[in-house]
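**Student:**
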Amino acid sequence: MLTQVAEGVLIHQSPLLQNNTVVVQGRAGVLLIDAGIQGSEMACLANDLRELGRPVVAGFSTHPDWDHVLWHAELGEAPRYGTARCAAIMRDLRSNAGWKARVAEMLPPEIADEVPLDLFGLITGLPAGTTRIPWDGPDVRIIEHPAHSPGHAALFVEESCVLAAGDMLSDVFVPMLDDFGGTNDPVEEYLVGLRLLESVADDVDVLVPGHGSAADGADRVRARIELDRAYVHALRDGRAPDDPRIGPSAKPGWEWVSDIHDGQAQSLARRRERDGTPG
Ligand SMILES: [Zn+2]
């Protein structure tokens, strides 16, 4: 089911992980941001768009995580864009002979059979520094940042003031930092990402996170940014975060987000040991 969130912008939500697909109306058809995860729901979306007489003329994947790079044949053969890094990561992944099995292992078991992988990760990389989606529709600004995963980008639909935030600013997931195994600093990268989103916050009427509910108005958007930042600061400082998304106040069915937090706290502690930094 498509729900309008602003003039010319609709969303389609997938039940399991509350993945939001954002549909932006252009002149000849629509831009689809993060197409969805289960075959049946992407086919349903394709059908809804067909009934509206709006073909998909472009796609965009906000980042190279499995739940954001899927596609269904019925959505058609429009170019599916992503940042250059997102496309490169997907190309690398698909170049391994056993890539499908590796991806299948990441899928939640309850839907693993219903996630079509043939068109997984076929992303056309936009040259680094591209600031707008190349399409025949309203201006959509690309805000690339290093938080959560390399090659991540939020999209800001300027005319309708909608921010599609990718895996940031969710009311169900705490910030999920890039893994701590490399030489990069996932904490600082997350804070950089939040600052970049904050730079457009005053102009946002509707925020659509990659997962969870949309938020209306700059004040609510700022509140989500502050909540994410407070979480990242607590994680960085080794404190227990005071965060409604984890612990007893977590949404029913989302209690497992506390496990994500525990895992991140442990990874960060191991990283500190490895690097020999105190605290
Ligand atoms: Zn996601």
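50 is the number of the first residue of the sequence shown in the working numbering; add one for each residue after it.
Think of the CB as a built atom: it goes at the ideal place given N, C-alpha and C, for glycine as much as any other residue.
Please specify which runs of the beta strand (DSSP E), each continuous and at least 3 residues long, are wholly inside the segment 236-278, giving them in chain order.
**Tutor:** The qualifying runs are 255-257.
**Student:** Which of helix, strand or coil does DSSP assign to Leu204?
**Tutor:** Counting from 1 along the sequence shown, the entry for residue 204 is found at position 155. In the displayed model, Leu204 falls within a strand according to three-state DSSP.
**Student:** Ligand 1: which residues have Cβ under 7 angstroms from any of its heavy atoms, chain order?
**Tutor:** Leu66, Asn68, Asp114, Asp116, His117, Asp216, Gly259, His260
**Student:** Taking contact to mean 3 or more Cβ pairs, one atom from each stretch, closer than 8 angstroms, check whether the segment 193-207 and the segment 86-94 are in contact.
**Tutor:** These segments do not touch.
**Student:** Anyone know if the C-beta pair for Gly131 and Gly186 falls short of 8 angstroms?
**Tutor:** Locating residue 131 in the sequence shown gives position 82, counting from the first residue. Locating residue 186 in the sequence shown gives position 137, counting from the first residue. Cβ atoms of Gly131 and Gly186: not closer than 8 angstroms.
**Student:** Closer than 7 angstroms by C-beta to Leu245: which residues in its own chain qualify, once you throw out the five before and the five after it? Chain order, please.
**Tutor:** Residue mapping note: residue 245 aligns to position 196 of the sequence shown, counting from 1. Closer than 7 angstroms at Cβ, skipping near neighbours: Ile192, His194.
**Student:** Suppose contacts are defined by Cβ-Cβ distances below 8 angstroms. Is Ala127 in contact with Val105 by that definition?
**Tutor:** Start at 1 with the first residue of the sequence shown, and residue 127 comes out as number 78. Start at 1 with the first residue of the sequence shown, and residue 105 comes out as number 56. Against a cut-off of 8 angstroms, the Cβ pair of Val105 and Ala127 comes out as a contact.
**Student:** What's the gap between the Cα of Leu59 and the Cα of His310?
**Tutor:** In the sequence shown, counting from the first residue as 1, residue 59 sits at position 10. In the sequence shown, counting from the first residue as 1, residue 310 sits at position 261. Each residue's Cα considered, the two are about 31 angstroms apart.
**Student:** If I follow the unbroken beta strand (DSSP E) through His117, where does it start and stop?
**Tutor:** As a first step, residue 117 is located in the sequence shown; it is residue number 68 there, counting from the start. Taken as a continuous stretch (DSSP letters only), His117 belongs to no beta strand (DSSP E), as it is neither H nor E.
**Student:** Cutting at 6 angstroms between CB atoms, please list the residues of its own chain near Ile182, excluding the five before and the five after it.
**Tutor:** In the sequence shown, the residue the question calls residue 182 occupies position 133. Once the five neighbours on either side are set aside, the close Cβ partners of Ile182 are Val189.
**Student:** What is the DSSP secondary structure of Gly287, counted as helix, strand or coil?
**Tutor:** As a working mapping, residue 287 is identified with position 238 in the sequence shown. Residue state, collapsed to three classes: coil.
**Student:** Going by CA-CA distance only, name the one from Gly296, Leu66, His61, Arg103 that's closest to Ala84.
**Tutor:** For this step, residue 84 is matched to residue 35 along the sequence shown. Residue His61 is the option with its Cα nearest to Ala84.
**Student:** What is the DSSP secondary structure of Gly131, reduced to helix, strand or coil?
**Tutor:** Here the question's residue 131 lines up with position 82 in the sequence shown. If DSSP states are grouped into helix, strand and coil, Gly131 belongs with the strands.
**Student:** Check for me: the alpha helix (DSSP H) holding Glu90 runs from which residue to which?
**Tutor:** One-based indexing of the sequence shown puts residue 90 at position 41. Per DSSP, Glu90 belongs to the alpha helix (DSSP H) from 88-100.
**Student:** In whole angstroms, what is the alpha-carbon distance linking Ser209 and Gln74?
**Tutor:** Here residue 209 is taken as the residue at index 160 of the sequence shown, counted from 1. Here residue 74 is taken as the residue at index 25 of the sequence shown, counted from 1. Here the alpha carbon of Ser209 sits roughly 11 angstroms from the alpha carbon of Gln74.
**Student:** Excluding the 5 residues flanking Arg320 on each side, which residues of the same chain have their C-beta closer than 7 angstroms to its C-beta?
**Tutor:** Translated into the one-based positions of the sequence shown, residue 320 becomes position 271. So the qualifying residues of the chain are Phe229.
**Student:** Grouping DSSP H, G and I as helix and E and B as strand, with all else coil, what is His197?
**Tutor:** Here residue 197 refers to the residue found at position 148 when the sequence shown is read from its first residue. Coil, per DSSP.
**Student:** Rounded to the nearest angstrom, how far is the Cβ of Ala267 from that of Asp251, given a contact under 8 angstroms?
**Tutor:** To locate residue 267, count along the sequence shown from 1; it is residue 218. To locate residue 251, count along the sequence shown from 1; it is residue 202. Indeed they touch by this definition, with Cβ atoms about 5 angstroms apart.
**Student:** Give me the DSSP bridge partner(s) of Asn69.
**Tutor:** The residue given as residue 69 occupies position 20 in the sequence shown. Bridge partners of Asn69: Gln62.
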